[in-house]
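Working notes for the structure below.
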Amino acid sequence: MSATVMEEPLLRFRGFRNLFVAGAVSQLGSQISYVALPLLAVTVLGAGAGEVGLLAALGTLTVLVLGLPAGAWVDRVRRRPVMIATDLLRAGALLSVPVAWWGGWLSMGQLYAVAVLVGAGTLVFDVASMALVPGLVGRERLTSANSLLVGMGAGMDIAGRSMAGVLVQVAGAPVAVLADALSYLWSAAWLRRVPEPPTTLERREPIGRQISAGVRFLFHDRVLVAALVQGTMANLAFPLCSVLLPVLLVGELGYPEWVLGAYLAVGGLGALAGSSFAHLIGRRLGTGRATWLVSLATAPASLAIPFLDRGPWLWAAAAAWFVVAFRTGVNNVLLVSLRQRVTPDAMLGRMTATMRLLLMGAVGLGGLLAGALGEIWGVRSALWLGALIMAASWIPILFSPLRRHP
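When you read off a place in the sequence shown, starting at 1, and then add 5, the result is the number in the working numbering.
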């Protein structure tokens with residue numbers, strides 16, 4: 006590939022551009038449903054806290070159950086048809102919600118089933134998408150590609166959740182869910198224009214043997230293990246620092262609900278900024294030095310979060326939240342790109358699924374720990390544990406070969 010072609014903006018490449026547009030629209034819709042489905046459960050079905058909590062948890066539980074088999078399966082098949090099929094699956098599941106509401110037979114059981122189907126579809130879609138990107142852009146441009154994709158995801162998080170509140174207020178939660186369903190149909194249409202790069206598919210061995218090979222590959226690579234441990238610590242810390250914020254900000258400190266939304270949106274802005282600068286930072290310092298130096302400089306800011314209170318401490322905690330999320334945006338770009346570069350094409354699905362399983366498991370554990378600590382020792386005990394874990398999450402990179410990785 007010539008230098009001129011390598012310098013050409015990635016969005017000028019039709020295949021990557023179509024993948025980017027498809028992902029942007031579907032992620033916007035997903036964030037709308039993230040807000041609309043729980044609101045629908047509460048306002049239409051009178052769901053209580055336990056039912057809403059279960060509805061939110063089913064997506065994570067789906068990843069924990071299906072993660073490893075999904076990765077092995079993705080390595081056996083062409084990725085683009087799988088992504089189109091999962092878009093259509095999610096669209097159909099979500100379309101059933103407004104239809105059932107209009108027909109008068111919507112139930113929590115149906116919403117639970119929709120959450121499981123959408124969670125399974127999202128899992129397979131994301132694994133296939135991450136396995137597809139290296140073939141579309143080349144491994145030498147993965148950092149640039151992931152900077153665009155992660156930045157787009159952060160932007161859609163902010164825009165989608167903000168838009169969801171307005172859409173639910175104006176048109177109602179069922180219409181908001183319908184908008185998400187249509188976004189998946191839009192995504193499927195754009196994916197039809199994405200070329201399928203030639204790749205070597207895994208031999209049709211027993212799926213258990215393939216899963217074991219993927220797990221062994223991950224844990225025998227010290228660079229990948231360091232990235233996994235760092236990511237697990239961060240994913241454990243984030244829910245500890247955020248799950249109980251409604252209790253602290255609204256319940257104990259008496260702030261209005263919009264303050265909570267604004268505080269969380271600051272994190273989205275931080276992730277967007279980090280993903281935008283990640284390529285430049287990685288090019289200047291190298292992937293290894295960038296990940297541990299940025300982490301060393303930013304992760305200790307989390308120690309300001311437990312001091313969240315009225316007045317200036319709210320601003321200090323929000324600033325710390327921005328800084329920590331900035332670090333996450335940088336790492337999401339650089340470490341995902343690193344994982345894709347060091348993993349053979351035939352192993353990408355299984356490596357991604359194994360990583361996702363463990364990282365999402367850390368998120369679930371963090372949520373459970375936050376609830377338990379909040380009940381026993383109070384909200385700030387969870388914030389302090391999360392802040393301490395986050396502040397130390399650069400250490401696994403420092404004492405690993407990842408620190409020196411180009």
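Where is the CB? At the ideal position from N, CA and C, for every residue including glycine.
Keep in mind that this is a model prediction, so the values were computed, not measured.
Going by the beta-carbon positions, is the gap between residue i and residue j smaller than 9 Å?
i    : j    : result
L407 : G293 : yes
R84  : A133 : yes
T333 : G366 : no
R361 : V68  : yes
S300 : S398 : yes
R385 : L241 : no
A276 : A330 : yes
T359 : V175 : no
L378 : A387 : yes
S192 : A27  : yes
T296 : G76  : no
R355 : Q215 : yes
V79  : V129 : yes
Looking at the structure shown, is residue i part of a helix, part of a strand, or coil, going by DSSP?
i    : result
A397 : coil
S7   : Here S7 scores only 39 on pLDDT, less than 50, and its place in the model should not be relied on; the value that follows carries that caveat. Of the three classes helix, strand and coil, the one that applies to S7 here is coil, per DSSP.
Y260 : coil
F18  : coil
V199 : coil
S300 : helix
S112 : coil
R481 : Nothing can be reported for residue 481: it is not among the residues displayed for the chain, which extend from 6 to 411.
F312 : helix
S405 : coil
D226 : coil
L73  : helix
G28  : helix
H284 : helix
T91  : helix
A392 : helix
H410 : coil
L374 : helix
L249 : coil
Relative to the C-alpha of residue i, which residue among the options is closest?
i    : options                   : result
F312 : W78, P74 and A321         : A321
L137 : V234, Q345, A392 and T296 : Q345
F404 : P86, V228 and I37         : V228
L363 : A194, P86, V234 and P103  : V234
R197 : T237, L93, L393 and R81   : L93
S149 : M365, V341 and A397       : V341
I400 : R315, A239 and T348       : A239
L141 : L15, R315, P317 and A323  : L15
G213 : T348, W106, F130 and P74  : P74
E380 : A194, S188 and L249       : L249
V47  : L111, G34 and G158        : L111
V119 : L183, G72 and W78         : L183
A90  : L63, L190, Q115 and L290  : L190
S188 : T348, S38, L343 and G376  : S38
N337 : G124, Q115, L154 and L172 : L154
V123 : L42, V180 and L298        : L42
G3   : L33, P317, W382 and M356  : Nothing about residue 3 can be read from this structure; the chain reaches only from 6 to 411.
L147 : T348, W382, G376 and L390 : T348
L50  : W195, V102, M88 and D226  : V102
W389 : D350, L339, A267 and F243 : F243
Mind checking whether the beta-carbon of residue i lies closer than 8 Å to any heavy atom of the ligand PLP?
i    : result
R146 : As presented, the structure is devoid of all ligands, the ligand PLP included, so that no description of it is given.
Check whether the Cβ of residue i lies closer than 9 Å to any Cβ atom in chain C.
i    : result
G291 : Among the chains in the structure shown there is no chain C, since it carries only a single protein chain.
Next item on the list: State whether the region 363–378 contacts the region 280–295, with contact taken as three or more CB pairs (one from each stretch) at a distance under 8 Å.
Entry: Three or more Cβ pairs closer than 8 Å define a contact, and the region 363–378 falls short of that threshold against the region 280–295.
Note to self: Can you confirm whether the region 320–339 touches the region 298–312 when touching is taken to mean that 3 or more C-beta pairs between the two stretches lie within less than 8 Å?
What the structure shows: Because the criterion of three Cβ pairs below 8 Å is met, the region 298–312 and the region 320–339 touch.
Next item on the list: Determine contact between the region 299–306 and the region 249–259, defined as no fewer than three beta-carbon pairs at a distance below 8 Å.
Entry: At 8 Å Cβ cutoff, the stretches do not touch.
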